[in-house]
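Participant: Mind having a look at this structure? Questions to follow.
Number of protein chains: 2
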Amino acid sequence: MKAYEVIYQSIENSILRGEFLPGDYLPSENQYVKLFKVSRDTIRKALNLLMTNGYIQKIHGKGSLVLKREQLRFPISGLTSYKELQNAYGYQSITNVIFLEKIIIDKELESLTGFSVGEQAWKMIRTREIDKQKIILDTDYLLCRFIPTLTKEIGEDSIYKYIEKDLNLQISFAEKEIRVVKLNQEEKQYLDLNPQDTNIVSIQSRVFLANAEQFQYTDSRHRVDKFLFYDFARRNPSTI
Amino acid sequence: MKAYEVIYQSIENSILRGEFLPGDYLPSENQYVKLFKVSRDTIRKALNLLMTNGYIQKIHGKGSLVLKREQLRFPISGLTSYKELQNAYGYQSITNVIFLEKIIIDKELESLTGFSVGEQAWKMIRTREIDKQKIILDTDYLLCRFIPTLTKEIGEDSIYKYIEKDLNLQISFAEKEIRVVKLNQEEKQYLDLNPQDTNIVSIQSRVFLANAEQFQYTDSRHRVDKFLFYDFARRNPSTI
DNA sequence: CAGTGGTCTAGACCACCAT
DNA sequence: TGGTGGTCTAGACCACTGA
């Protein structure tokens, strides 16, 4: 484990444990240098990570201010898998795989998914049930080149865990688009909708590995009244 | 201007000019060290900025790969003002201020905006017209403590430009929530809606300065069929 | 003024990739 | 094996803050 990651987690934990409250200042960089017996640069890497993740705001000449972080949110933000979110927030939830097959990318799928014509891919459709209501319908395309085997069990647990832990692939970045679209027949069939619903939220993502190759395309459809996207953004990515 | 910012812009421009195409590798860090006559750390800061902004993907042992960047998107992503987006994408658009008054934050507004009871704030309501259709309704609350004067003209140009250039305040970060809500009377009155519309997209943001003080709360409401949120996200904020 | 974070340097060693 | 990016160090100087 890298030094700055260890230090990041140590400081993150001390914030989560409430050792530092919102409005408090963390020890200065030089104090942390003495405490962890590393160079100032290593401390700064850890603090910059805390900053991009919204834990602190560094203020020039003053120090690292601990921020309020709202709890109990359901962020589709960043790049986090459904299962991770479920664990982090402790929601009761069930995933059901209702379709799983190998397909070949054709012209139409190419422009949708970003994969090349002729590539083999897994197509998987899943419902997500929270509080006994099916409110999310996910359609995934995963390249067989990277994910040679895929089962119903993996789909109902966590694909990301499988890819990172078992296949040892490094998920790196994603492009995402969120829009509101008209309900279609499939959603009416598989989801528990409100009678007055005519729209649904669609989140389309293309997900890439560390070598910049795309391995996944997903369209995740959420019942409009259950959808909430939370984002923490910095204006000038001061993450230097 | 800081060295790494100059280098960032220089490389960004060479990508935008098409000197490096998607799939190409940039010169190595050591080559850039010689080219710009700075330390490797300074080059790395510039490259990391390009990476968080989605221009490149660094690949260990290989180099910095130039990524495809989709054009003609309308990202509410990150922290960018409407006017900046409009300039960047060249949309024809008109902003109309339909309400501007000083108000006092009461109990109800406190929980909505995050400001303290008793604070003075500007309340401003604006419509955004694109292609002769009013499709966005913005409601802003701006603390008078930071923005002592506010006019219709500033509201119809760019508040962010005014705050950063004229008032010399540094906008730093924001929390944002996106949801789909039921249309209300105000939106029906001021926006050009489709007859079948029952919902509207609401983007609530709290915006903070570099000293971590909140100066703005905004609820930006978009006609569902015109709403698109584009996001570029990295899994392990490798922005180190 | 002393203490803080922000920038920049020069150098070291490691891990990864291609050949 | 040589080149690439990733981590870490030790030190310098600057800019900002508050007393």
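As given, the protein sequences belong to chains A and B, one line each in that order. So in my numbering, the last spot in the first sequence is 240, and the numbers never skip. So in my numbering, the last spot in the second sequence is 1240, and the numbers never skip. Don't be surprised by glycine CBs; every beta carbon is placed ideally from N, CA and C.
May I have the straight-line CA-CA distance separating B/Asp1140 from A/Tyr160, to the nearest angstrom?
Facilitator: Against the second sequence, residue 1140 of chain B aligns to sequence position 140. Against the first sequence, residue 160 of chain A aligns to sequence position 160. Taking the CA atoms as reference points, B/Asp1140 sits about 39 angstroms from A/Tyr160.
Participant: If the cut-off is 7 angstroms on Cβ atoms, which residues from the region 1159 to 1183 of chain B count as contacting chain A, listed in chain order?
Facilitator: Within the region 1159 to 1183 of chain B, the residues whose Cβ lies closer than 7 angstroms to some Cβ of chain A are Ile1171, Ser1172, Phe1173, Ala1174, Glu1175, Lys1176, Glu1177, Ile1178, Arg1179 and Val1180, listed in chain order.
Participant: Can you tell me whether B/Ala1210 is helix, strand or coil according to DSSP?
Facilitator: Position 210 of the second sequence, counted from the first residue, corresponds to residue 1210 of chain B. Coil.
Participant: Leaving aside the five residues before and after B/Pro1027 along the sequence, list all residues of the same chain whose C-beta is less than 6 angstroms from its C-beta, in chain order.
Facilitator: Taking the first residue of the second sequence as 1, we reach residue 1027 of chain B at position 27. Result list for B/Pro1027: empty, nothing under 6 angstroms.
Participant: Taking only runs that begin and end inside the region 1168 to 1229 of chain B, name each unbroken beta strand (DSSP E) of 3 or more residues, in chain order.
Facilitator: You should have 1171 to 1182, 1199 to 1209 and 1214 to 1223.
Participant: Between the alpha carbons of B/Glu1156 and B/Val1097, how many angstroms are there, rounded?
Facilitator: Taking the second sequence and counting its residues from 1, the one referred to as residue 1156 of chain B is at position 156. Taking the second sequence and counting its residues from 1, the one referred to as residue 1097 of chain B is at position 97. Taking the straight line joining both Cα atoms gives about 6 angstroms.
Participant: For chain B, find out if any of its Cβ atoms is closer than 8 angstroms to the Cβ of A/Ile59; answer yes or no.
Facilitator: The residue labelled residue 59 of chain A in the question sits at position 59 within the first sequence. Judged by the 8 angstroms Cβ criterion, A/Ile59 is in contact with chain B.
Participant: Are the beta-carbon atoms belonging to B/Ser1064 and B/Leu1049 less than 8 angstroms from one another?
Facilitator: Locating residue 1064 of chain B in the second sequence gives position 64, counting from the first residue. Locating residue 1049 of chain B in the second sequence gives position 49, counting from the first residue. It is not a contact, given that the beta carbons lie outside the stated cut-off.
Participant: Who are the near neighbours of A/Arg206 in its chain, counting only those whose CB is closer than 6 angstroms to its CB and skipping five residues on each side?
Facilitator: Locating residue 206 of chain A in the first sequence gives position 206, where the first residue counts as 1. Cβ within range, chain order: Gly114, Glu175, Gln214 and Tyr217.
Participant: Whose C-beta lies closer than 6 angstroms to the C-beta of A/Val38 among residues of the same chain, with five residues either side of it excluded?
Facilitator: Walking along the first sequence from the start, residue 38 of chain A turns up at place 38. Around A/Val38: Ala3.
Participant: Buried or exposed, going by whether 16 or more other CB atoms sit within 10 Å of the CB of B/Phe1099?
Facilitator: Along the second sequence, read from residue 1 onward, the residue named residue 1099 of chain B stands at position 99. Classification of B/Phe1099: exposed, given that the 10 Å Cβ count is below 16.
Participant: Could you give the DSSP three-state label for A/Ser116: helix, strand or coil?
Facilitator: Here residue 116 of chain A refers to the residue found at position 116 when the first sequence is read from its first residue. Looking at A/Ser116 - three-state DSSP - the assignment turns out to be coil, as it is neither helix nor strand.
Participant: Take B/Asn1030 as the anchor and find which of B/Thr1042, B/Gln1009 and B/Glu1019 has the nearest alpha-carbon.
Facilitator: Position 30 of the second sequence, counting from 1, holds the residue named residue 1030 of chain B. Here the closest residue by C-alpha is B/Thr1042.
Participant: Using a Cβ-Cβ cut-off of 8 angstroms (strictly less than) and excluding sequence neighbours within five positions of A/Lys68, which residues of its own chain qualify?
Facilitator: Reading the first sequence from its first residue, position 68 is the one you call residue 68 of chain A. Excluding residues within five positions, the ones whose Cβ falls inside 8 angstroms are Pro22.
Participant: Quick check on the DSSP output: the alpha helix (DSSP H) that includes B/Tyr1032 runs from which residue to which?
Facilitator: Against the second sequence, residue 1032 of chain B aligns to sequence position 32. Its alpha helix (DSSP H) spans residues Glu1029 to Phe1036.
Participant: Give a yes or no on whether 8 angstroms exceeds the smallest Cβ distance from B/Val1033 to chain A.
Facilitator: To locate residue 1033 of chain B, count along the second sequence from 1; it is residue 33. It does not; no Cβ of chain A falls within 8 angstroms.
Participant: With DSSP as the reference, label B/Gly1063 as helix, strand or coil.
Facilitator: Counting from one through the second sequence, the residue named residue 1063 of chain B turns up at place 63. Strand, per DSSP.
Participant: Starting from A/Leu67, find everything on chain B with Cβ-Cβ shorter than 8 angstroms and list it in chain order.
Facilitator: Here residue 67 of chain A refers to the residue found at position 67 of the first sequence. Ordered by position in chain B, the residues that pass the 8 angstroms Cβ test against A/Leu67 are Ala1212.
Participant: Thinking C-alpha only, which one of B/Val1066, B/Lys1062 and B/Arg1040 is nearest B/Thr1052?
Facilitator: Indexing the second sequence from 1 puts residue 1052 of chain B at position 52. Checked all of B/Val1066, B/Lys1062 and B/Arg1040; the closest Cα to B/Thr1052 is B/Val1066.
Participant: By the DSSP assignment, the alpha helix (DSSP H) with A/Gln9 in it spans what residues?
Facilitator: Taking the first sequence and counting its residues from 1, the one referred to as residue 9 of chain A is at position 9. Per DSSP, A/Gln9 belongs to the alpha helix (DSSP H) from Ala3 to Leu16.
Participant: Do A/Tyr55 and A/Glu12 have their CB atoms nearer than 8 angstroms?
Facilitator: Within the first sequence, the letter at position 55 stands for residue 55 of chain A. Within the first sequence, the letter at position 12 stands for residue 12 of chain A. Their beta carbons are under 8 angstroms apart, which means A/Tyr55 touches A/Glu12 by this criterion.
Participant: Below 9 angstroms on C-beta distance, what does A/Tyr230 contact in chain B?
Facilitator: In the first sequence, the residue the question calls residue 230 of chain A occupies position 230. Ordered by position in chain B, the residues that pass the 9 angstroms Cβ test against A/Tyr230 are Glu1175, Lys1176, Glu1177 and Ile1178.
Participant: Which of the three DSSP states is assigned to A/Arg235 in this structure?
Facilitator: Reading the first sequence from its first residue, position 235 is the one you call residue 235 of chain A. Three-state DSSP puts A/Arg235 in coil, outside helix and strand.
Participant: Is the CB of A/Thr198 under 8 angstroms away from at least one CB in chain B?
Facilitator: Position 198 of the first sequence holds residue 198 of chain A. Closer than 8 angstroms to some Cβ of chain B, the Cβ of A/Thr198 qualifies, so yes.
Participant: Per DSSP, what are the beta-bridge partners of B/Phe1099 in this structure?
Facilitator: By 1-based counting over the second sequence, the position of residue 1099 of chain B is 99. In DSSP, B/Phe1099 forms a bridge with B/Ile1125.
Participant: Taking three-plus beta-carbon pairs below 8 angstroms as touching, is the region 165 to 173 of chain A in contact with the region 102 to 112 of chain A?
Facilitator: no
Participant: Hey, does A/Val117 have any beta-carbon neighbour from chain B nearer than 8 angstroms?
Facilitator: The residue you call residue 117 of chain A lines up with position 117 of the first sequence. Chain B contact via Cβ: absent.
Participant: For the region 96 to 114 of chain A, list every residue whose C-beta sits within 8 angstroms of some C-beta in chain B, in sequence order.
Facilitator: none
Participant: From what residue to what residue does the beta strand (DSSP E) around A/Thr139 run?
Facilitator: Sequence index remark: in the first sequence, residue 139 of chain A carries index 139 (1-based). A/Thr139 -> beta strand (DSSP E) spans Gln133 to Leu143.
Participant: Helix or strand or just coil, what does DSSP make of B/Glu1110?
Facilitator: Here the question's residue 1110 of chain B lines up with position 110 in the second sequence. Here B/Glu1110 sits in helix by DSSP.
Participant: Could you compute how far the alpha carbon of A/Asp138 sits from the alpha carbon of A/Arg126?
Facilitator: As a first step, residue 138 of chain A is located in the first sequence; it is residue number 138 there, counting from the start. As a first step, residue 126 of chain A is located in the first sequence; it is residue number 126 there, counting from the start. Straight-line Cα distance between these residues: approximately 5 angstroms.
Participant: Please confirm if A/Val201 has its CB atom under 8 angstroms from at least one CB of chain B.
Facilitator: Taking the first sequence and counting its residues from 1, the one referred to as residue 201 of chain A is at position 201. By this cut-off, A/Val201 is an interface position.
Participant: Just mark B/Leu1142 as buried or exposed, buried being the case when its beta carbon has 16 or more other beta carbons within 10 Å.
Facilitator: Locating residue 1142 of chain B in the second sequence gives position 142, counting from the first residue. Result: buried.
Participant: For A/Gly155, report the span of its alpha helix (DSSP H) as first-last.
Facilitator: Residue mapping note: residue 155 of chain A aligns to position 155 of the first sequence, counting from 1. Lys152 to Glu156 is the span of the alpha helix (DSSP H), which, as asked, contains A/Gly155.
Participant: Is the shortest distance between the beta-carbon of A/Val6 and the beta-carbons of chain B less than 8 angstroms?
Facilitator: Residue 6 of chain A sits at position 6 when you count from the first residue of the first sequence. Judged by the 8 angstroms Cβ criterion, A/Val6 is not in contact with chain B.
Participant: Counting only the same chain and skipping the five closest in sequence on each side, list residues whose C-beta sits under 6 angstroms from that of B/Asn1194.
Facilitator: For the purposes of this step, residue 1194 of chain B is taken as residue 194 along the second sequence, with counting starting at 1. So the list is empty, once near-sequence residues are dropped.
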